[in-house]
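Since the structure comes first, as C-alpha cells, the remarks are kept for the end.
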Amino acid sequence: MSEKINKKFWIVLLVLAILTPLGLLASGTAFGEWNSKQLQQTLGYVPDGVKKGEALWQAIFSGYNMPGFGNDFMHSGIGYILSAVIGIALIYTAALILGKIIAKREEER
Amino acid sequence: MHIPDGYLGPITWIALWLVMIPIWIFAARKLKKDLKTKNVPLLAMGAAFSFVIMMFNFPVLGGTTGHAVGGTLIAIVLGPWAALVAVSVALVIQALFFGDGGITAIATNCFNMGVVLPFVGYYIYRLVSAKADVSSSRHWIGAGIGGYVGINVAAVLAGFELGVQTILYPPVDGKFQYFMYPLSVSVPAMAFGHLLIFGFVEAIVTLLVVRYLQQTDPSLLRASDKAIQIEKAKKVSA
Numbered sequence: 055m056s057e058k059i060n061k062k063f064w065i066v067l068l069v070l071a072i073l074t075p076l077g078l079l080a081s082g083t084a085f086g087e088w089n090s091k092q093l094q095q096t097l098g099y100v101p102d103g104v105k106k107g108e109a110l111w112q113a114i115f116s117g118y119n120m121p122g123f124g125n126d127f128m129h130s131g132i133g134y135i136l137s138a139v140i141g142i143a144l145i146y147t148a149a150l151i152l153g154k155i156i157a158k159r160e161e162e163r
Numbered sequence: 022m023h024i025p026d027g028y029l030g031p032i033t034w035i036a037l038w039l040v041m042i043p044i045w046i047f048a049a050r051k052l053k054k055d056l057k058t059k060n061v062p063l064l065a066m067g068a069a070f071s072f073v074i075m076m077f078n079f080p081v082l083g084g085t086t087g088h089a090v091g092g093t094l095i096a097i098v099l100g101p102w103a104a105l106v107a108v109s110v111a112l113v114i115q116a117l118f119f120g121d122g123g124i125t126a127i128a129t130n131c132f133n134m135g136v137v138l139p140f141v142g143y144y145i146y147r148l149v150s151a152k153a154d155v156s157s158s159r160h161w162i163g164a165g166i167g168g169y170v171g172i173n174v175a176a177v178l179a180g181f182e183l184g185v186q187t188i189l190y191p192p193v194d195g196k197f198q199y200f201m202y203p204l205s206v207s208v209p210a211m212a213f214g215h216l217l218i219f220g221f222v223e224a225i226v227t228l229l230v231v232r233y234l235q236q237t238d239p240s241l242l243r244a245s246d247k248a249i250q251i252e253k254a255k256k257v258s259a
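Protein sequences appear in the order of chains A and B. Position one of the first sequence corresponds to residue 55 (my numbering), numbered consecutively onward. Position one of the second sequence corresponds to residue 22 (my numbering), numbered consecutively onward.
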C-alpha cells in the first residue's frame, strides 16, 4: 500500500468523523432497534425479554453520546464526533493487536 | 441491523454463538495462512472504516433509519475471511462501548453483517469480475452489485431472525416476550429500507473506492486474488 493512499485514508476518515452528526438528521430508529419507551408507546407494553435485555449492559458511550451530555443537537453532535474518534481509536487498535497475534504465529512456524 | 439484547430469545442467540465460535476459529486459522504481516494495518483500517460508515444513518419512509456496512469492500481488498474479522471487531466494540447491538446478540450480528454480508458480496464481485483485467469496469460494477446484494441478503436474514421469535416464543396473555412482529412484517420491513436506500449507499461506497483503487493502486485489488491463486496452485501441486 502506498504512503499516498495511507495518508488519504486517514484524511477521509477524519472528514467522515467530523461529518457523522449528519447521521443525526435522520430522525427515527432503525427497524427492530427500538427502546422500551418507544415500545411502550407503540405496543402499550414492553416485552419482558426487552426489559431484561436493556438492563443487561450499560455502555459508557450509549447511543454514541458522551456520559452526562444532553440530547440536544449540539451535544449529540459533539458526542457523535467524539464517539467516532474514540471508536476509530479503539477498533483500529483492537484489530491491529488481533491481526498481529494471528499473523505473528505464521512467522514463528 | 444491529439487533439489541432482549429482541432474540435464548434459542436463537445461543444457537448463533455456537455457529460463530467455530467460524471465528476457522477464520483465524485461515488468516494465519493468508494474511501477511504487512497487511495487518489494512485489516485494522478496514475495521475502523466500517465503524465510521455505520454511523451515517439514512432515513427511509416510515420513520426508520439505516446505514451501510462496508463489508463487501473489505472483502474485495483483503478477502472475505479478513472482512469477517474486521467487521466482527467493529461490532464487538460497538456493542461494548456504544450500546449499538446487544451483547447476547453479538454472534447474531456478526453472522449477519460479518459473515453473510461480505461473503455474498465478495462472491458476486468475483463472479462479475472473473478473469477481467484489473483495469476493467467489471471490477467496480461487480463491487457495486456485490455490495448491494450482500447487505440486502444480510438485512432479510436479520428480519427473519427477528420475526421467527413470534413463532418460537408465542405471546402469553397477549404479550410477547421477545420480538413482537411476525415474519410477514419483519422481513419486508428490513428488505424495504435496504432495497430502497441503504443497499445503494453500500453499493456506491463500495464501487467508488474500488474505482479509486483501480486508478491509483490496483495492487490492493489483487491482494486477495493472489492469495487465492497461491492457494489454488498449492492444491494442484499437492
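All C-beta atoms, glycine included, are put in the ideal place defined by N, C-alpha and C. Just so you know, these numbers come straight off a predicted model, no measurement behind them.
Annotation: Cβ neighbours of residue 207 (chain B) in chain A (cutoff 8 Å, chain order): 85, 86. Of all residues in the region 95 to 116 of chain A, only 97, 99, 101, 102, 103, 104, 105, 106, 107, 108, 110, 111, 112, 113, 114, 115, 116 come within less than 8 Å of chain B when Cβ atoms are compared, listed by chain position. For residue 108 (chain B), the enclosing alpha helix (DSSP H) has its first and last residue at 101 to 119. One alpha carbon belongs to residue 108 (chain A), the other to residue 26 (chain B), and they sit about 6 Å apart.
In the DSSP assignment, residue 209 (chain B) falls outside any beta strand (DSSP E) and lies within the alpha helix (DSSP H) extending over 204 to 214. Identification of chain B residues near residue 72 (chain A) by a Cβ-Cβ cut-off of 7 Å yields none; the smallest Cβ-Cβ distance measures about 10 Å.
The continuous stretches of beta strand (DSSP E) do not include residue 191 (chain B), and DSSP gives it neither H nor E.
DSSP, reduced to helix, strand and coil, places residue 154 (chain A) within a helical segment of the structure shown.
Using a CB distance below 8 Å, the part of the region 129 to 157 of chain A facing chain B consists of 134, 137, 138, 140, 141, 142, 144, 145, 146, 147, 148, 149, 150, 152, 153, 154, 156, 157, ordered along the chain. For the region 88 to 160 of chain A, not one full-length beta strand (DSSP E) segment reaches 3 residues or more.
The C-alpha of residue 136 (chain A) is placed about 23 Å away from the C-alpha of residue 22 (chain B).
One Cα belongs to residue 90 (chain A), the other to residue 71 (chain A), and the distance between them is close to 29 Å. Taking the Cα of residue 145 (chain A) as reference, the smallest distance to any Cα among B:164, B:32, B:65 is reached at B:65. Residue environment analysis places residue 64 (chain A) among the exposed positions, since fewer than 16 neighbouring C-beta atoms fall within 10 angstroms of its C-beta. In this chain, the alpha helix (DSSP H) harbouring residue 230 (chain B) covers 220 to 237. Uninterrupted beta strand (DSSP E) stretches at least 3 residues long and entirely within the region 60 to 96 of chain B occur at 79 to 81, 85 to 87, given in chain order. Around the Cβ of residue 222 (chain B), a 10 Å sphere holds 16 or more other Cβ atoms; the residue is buried. Taking 7 Å as the threshold, the shortest C-beta distance from residue 124 (chain A) to chain B does not fall below it. In the structure shown, residue 196 (chain B) adopts extended strand secondary structure according to DSSP, grouped into three states. If you check the CB distance, residue 132 (chain A) and residue 121 (chain A) do not come in under 7 Å. Along the region 33 to 53 of chain B, going in chain order, the ones with a CB nearer than 8 Å to a CB of chain A are 49, 52, 53. Taken atom to atom, the span from the alpha-carbon of residue 92 (chain B) to that of residue 143 (chain B) is near 9 Å. For residue 63 (chain A), at least one C-beta of chain B is nearer than 7 Å to its own C-beta. Close partners of residue 78 (chain B) in chain A (Cβ separation under 7 Å): 77, 80. In this structure, DSSP gives residue 83 (chain A) a state outside helix and strand, which the three-state scheme calls coil.
Out of B:90, B:136, B:182, B:113, the CA that lies nearest to the CA of residue 47 (chain B) is found in B:136. The CB of residue 94 (chain B) never comes closer than 9 Å to any CB in chain A; the least such distance is about 12 Å. For the options B:123, B:87, B:230, the alpha carbon positioned closest to that of residue 212 (chain B) is the one of B:87.
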